[in-house]
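S.K.: Right, I'll just put the structure down here and ask away after.
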Amino acid sequence: MMQKLKYLQGYPPSLTEQVSGLINSNKLKTFLLNKYPHCHELKTEKALYDLVQEIKSQYLKKSPPVSKVLYDKKIHVINHALGLHSFVSRVQGNKLKAKHEIRISSIFKHAPLPFLRMIVVHELAHLKEKEHNKAFYQLCCHMEPDYHQLEFDMRLFLTQQELAGPIYP
1 MMQKLKYLQG
11 YPPSLTEQVS
21 GLINSNKLKT
31 FLLNKYPHCH
41 ELKTEKALYD
51 LVQEIKSQYL
61 KKSPPVSKVL
71 YDKKIHVINH
81 ALGLHSFVSR
91 VQGNKLKAKH
101 EIRISSIFKH
111 APLPFLRMIV
121 VHELAHLKEK
131 EHNKAFYQLC
141 CHMEPDYHQL
151 EFDMRLFLTQ
161 QELAGPIYP
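One point on numbering: in full-length UniProt numbering, the residue at position 128 of the sequence shown is 128, and numbering is uninterrupted.
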């Protein structure tokens, strides 16, 4: 039985067939837990903000500041996204104030740290590159060398979670 793998659309059939095999033999969860045995401990928005600032200060020192970082339970349902970078402009007197906000799907409160970092890197890359183009993905890979593998594994994680519920207790 071939599963409809909505998180893996665009990947080659040979890869999606392997994933379907893991699902059909009930081995996807075991595969993920062997590779990512622990959920991260960054449950508060303060801890998430600190992670964003740590990565930003290491790789994007000259980019604009991020004023707000939070977990958002609405993102996945409404936007079919995992994180959002928003640029908010407000007029204050005769000045235009710009603020950058990063919202991460609350799904990632209970995920391995590498997946959370990958999403953070993705959203931070939007400070410099607005579009998902070659320069954007080069920047992601500069900040997180395993970016593409982590993105694929995170899609496996989301697939498993949708099929059988949370992976981590």
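Just so it is clear, CB atoms sit at the ideal spot from N, CA and C, and this is done for glycine as well. As the structure is a computational prediction, the values presented were derived from the model and not from experiment.
Please return the same chain residues whose Cβ sits closer than 8 Å to the Cβ of VAL29, not counting the five positions on each side in sequence.
M.R.: Per the sequence shown, the amino acid found at residue 29 is Lys instead of Val. For LYS29, where only same-chain residues beyond five positions count, the Cβ hits under 8 Å are GLN160, ALA164, ILE167.
S.K.: Considering only their Cβ atoms, is the gap separating PHE115 from LEU150 smaller than 8 Å?
M.R.: Their beta carbons are under 8 Å apart, which means LEU150 touches PHE115 by this criterion.
S.K.: Run the CB neighbour count on LEU124, radius 10 Å, all protein chains shown included, and call it buried at 16 or more, exposed below.
M.R.: So LEU124 counts as buried.
S.K.: Does the beta-carbon distance from PRO65 to HIS100 come in below 8 Å?
M.R.: Yes, the pair counts as a contact, with Cβ atoms nearer than the cut-off.
S.K.: Measuring CB to CB, does VAL120 end up less than 8 Å from TYR147?
M.R.: No. Outside cutoff.
S.K.: Could you say which of ALA135, LYS128, VAL52 lies nearest to LYS62 if we only look at CA atoms?
M.R.: Minimum Cα distance to LYS62 is reached at LYS128.
S.K.: Could you give the DSSP three-state label for SER67: helix, strand or coil?
M.R.: Of the three classes helix, strand and coil, the one that applies to SER67 here is strand, per DSSP.
S.K.: Are the Cβ atoms of THR8 and THR16 separated by less than 8 Å?
M.R.: For the record, residue 8 in the displayed sequence is Leu; it is not Thr. Yes.
S.K.: Three-state secondary structure (DSSP) at LYS74?
M.R.: Three-state result, LYS74: coil.
S.K.: What's the call for GLU162, buried or exposed, on a 16-neighbour Cβ count within 10 Å?
M.R.: Classification for GLU162: exposed.
S.K.: Helix, strand or coil: how does DSSP classify ILE104 here?
M.R.: Reduced to three states, the DSSP call for ILE104 is strand.
S.K.: For PHE136, tell me which candidate among PRO13, HIS126, TYR71 has the shortest Cα-Cα distance.
M.R.: Taking only the C-alpha atoms, the option nearest PHE136 is HIS126.
S.K.: Can you say whether PRO112 is buried or exposed, counting buried as having 16 or more other CB atoms within 10 angstroms of its CB?
M.R.: Buried, since its Cβ has 16 or more Cβ neighbours within 10 Å.
S.K.: Please name the residue, chosen from GLN18, LYS35, TYR71, that lies closest to LYS43 on a Cα-to-Cα basis.
M.R.: That would be TYR71, whose Cα lies nearest to the Cα of LYS43.
S.K.: Does DSSP put SER20 in a helix, in a strand, or in coil?
M.R.: Here SER20 sits in helix by DSSP.
S.K.: What separation, rounded to the nearest whole angstrom, lies between the Cα atoms of GLU41 and SER57?
M.R.: Roughly 21 Å separates the two Cα atoms.
S.K.: For the alpha helix (DSSP H) containing ASP50, list its first residue and its last residue.
M.R.: Start and end: 45 to 59.
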